[in-house]
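Structure record follows, encoded as structure tokens.
Numbering (full-length UniProt numbering), first residue to last: 1 to 306.
Right, dumping it as structure tokens:
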């Protein structure tokens, strides 16, 4: 199906910024079952408005590899790839990079490329990891930009659902960011509720800045790195939910402490785990002929105590 035909079918304008309900959107759309890795990648790209350039593509491996079994995961850590292989999967769909930088091996200037010693170390491990992937006939597909744009299926909505919010709770919404209504409830009390809920994902607790006793009636929930309180200050939630890859103690933390504005900090992996679960569910529902499993990861760090 041509891109223009797809847009007409779904009712999306060419400049549309996000998809609201892809479960409904794709329920009656006839799509051939992907036979190869690249065909699966193309299908996932079709789930959201076209973004160019995009990191969503086959990252490593033969794109024409016939699909035997698919595994989804948040980040394709080497250990996770081993688990995928042991589970019989030969195609892995991951949200985050395989080779330590946003553009994977296409990166030329950012991240570790800025520092010669780091570049040498990182590239050595990237090459080792790539060689292992190829030796084991695996294919890694990245699905990042597409699922981030889907507001009732992607990362922000999935986290909102985990926290107990639905479409009827939305006060304000923009691409990648939603403000939900609640309460009134004390910020510290709600932070404890968040902590208890996210324990399912291996999150050992949550960080908190601001006034625990402040009454809140709304919370802002972003999408991965698109959860910077400064970037979405105009949406003015009573409390911000921020991931650790974005939060800065000397900026966000100091402001929250001085002003009392509540901010809860959680792990990036915790925030996006359910989104990848929903992607697996969507793909399995859409293509019951395929064998698709999800490899749970959740919180991406270990919590070590005395």
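The beta carbon of each residue, even a glycine, is placed where N, CA and C say it ideally should be.
- Message: To the nearest angstrom, how far is the alpha carbon of residue 62 from that of residue 270?
- Response: Residue numbering aside, residue 62 sits at position 62 when the chain shown is read from its first letter. Residue numbering aside, residue 270 sits at position 270 when the chain shown is read from its first letter. If I take the Cα positions, the gap works out to 31 Å.
- C-alpha gap between residue 278 and residue 288, whole angstroms: On the chain shown, position 278 is the one that residue 278 refers to. On the chain shown, position 288 is the one that residue 288 refers to. So the two alpha carbons sit approximately 15 Å from each other.
- Task: State the Cα-Cα distance for the pair residue 180 and residue 92, rounded to the nearest angstrom.
- Result: The residue given as residue 180 occupies position 180 in the chain shown. The residue given as residue 92 occupies position 92 in the chain shown. Rounded to whole angstroms, residue 180 to residue 92 spans 33 Å at the Cα level.
- Query: What residue range is occupied by the uninterrupted beta strand (DSSP E) comprising residue 181?
  - Reply: As a working mapping, residue 181 is identified with position 181 in the chain shown. Segment 177-186, the beta strand (DSSP E) holding residue 181.
- Message: Between the stretch 280-297 and the stretch 243-255, can you find at least three pairs of beta-carbon atoms closer than 8 Å?
- Response: no
- Message: Mapping the DSSP letters down to three states, classify residue 142 as helix, strand or coil.
- Response: The residue given as residue 142 occupies position 142 in the chain shown. Reduced to three states, the DSSP call for residue 142 is strand.
- Should the stretch 192-206 be called in touch with the stretch 159-167, which here means at least 3 C-beta pairs below 8 Å? yes
- Query: Are there 16 or more other CB atoms within 10 angstroms of the CB of residue 135, so buried, or fewer, so exposed?
  - Reply: The residue given as residue 135 occupies position 135 in the chain shown. Label assigned to residue 135: exposed.
- Message: Please give me, in chain order, every unbroken run of the alpha helix (DSSP H) with length at least 4 that falls completely inside the stretch 262-289.
- Response: 268-286
- For the alpha helix (DSSP H) holding residue 122, just list the boundary residues, first then last. Counting from one through the chain shown, the residue named residue 122 turns up at place 122. Residues 116-135.
- Query: Excluding sequence positions up to five away, which residues of its chain have a Cβ less than 6 Å from the Cβ of residue 80?
  - Reply: Reading the chain shown from its first residue, position 80 is the one you call residue 80. Correct list, in chain order: 73, 295.
- Message: Pop quiz: residue 211 and residue 262 are said to be a contact at Cβ under 8 Å. What is the actual Cβ separation, rounded to whole angstroms?
- Response: Start at 1 with the first residue of the chain shown, and residue 211 comes out as number 211. Start at 1 with the first residue of the chain shown, and residue 262 comes out as number 262. That belief holds up - the Cβ atoms of residue 211 and residue 262 are roughly 6 Å apart, short of 8 Å.
- Query: When you compare each of 276, 237, 37, 49 to residue 60 by their alpha carbons, which one comes out closest?
  - Reply: Indexing the chain shown from 1 puts residue 60 at position 60. Of the listed residues, the one whose Cα sits closest to residue 60 is 37.
- Message: My output table needs one value for residue 189: the three-state DSSP class, helix, strand or coil.
- Response: As a working note, residue 189 is residue 189 in the chain shown. Helix, per DSSP.
- Message: Less than 8 Å between the C-beta atoms of residue 55 and residue 103, yes or no?
- Response: Mapped onto the chain shown, residue 55 falls at position 55. Mapped onto the chain shown, residue 103 falls at position 103. Cβ atoms of residue 55 and residue 103: closer than 8 Å.
- In three-state terms, what does DSSP make of residue 223? By 1-based counting over the chain shown, the position of residue 223 is 223. Three-state result, residue 223: strand.
- Where residue 222 falls, given that 16 or more other Cβ within 10 Å makes a residue buried: Here residue 222 refers to the residue found at position 222 when the chain shown is read from its first residue. Residue 222 comes out buried.
- Query: Does the distance from the C-beta atom of residue 191 to that of residue 305 stay below 8 Å?
  - Reply: The count along the chain shown starts at 1 and reaches residue 191 at position 191. The count along the chain shown starts at 1 and reaches residue 305 at position 305. It is not a contact, given that the beta carbons lie outside the stated cut-off.
- Message: From the DSSP secondary-structure annotation, give me the bridge partner or partners of residue 239.
- Response: Within the chain shown, the letter at position 239 stands for residue 239. BP columns for residue 239 point to 219.
- Query: residue 208 lies in the beta strand (DSSP E); which residues open and close that run?
  - Reply: Within the chain shown, the letter at position 208 stands for residue 208. 207-209 is the span of the beta strand (DSSP E), which, as asked, contains residue 208.
- Continuous beta strand (DSSP E) stretch holding residue 174: start and end: By 1-based counting over the chain shown, the position of residue 174 is 174. Element bounds for residue 174: 170-174.
- Message: Distance check for residue 31 and residue 268, CA to CA, integer angstroms please.
- Response: As a working note, residue 268 is residue 268 in the chain shown. As a working note, residue 31 is residue 31 in the chain shown. Rounded to whole angstroms, residue 268 to residue 31 spans 33 Å at the Cα level.
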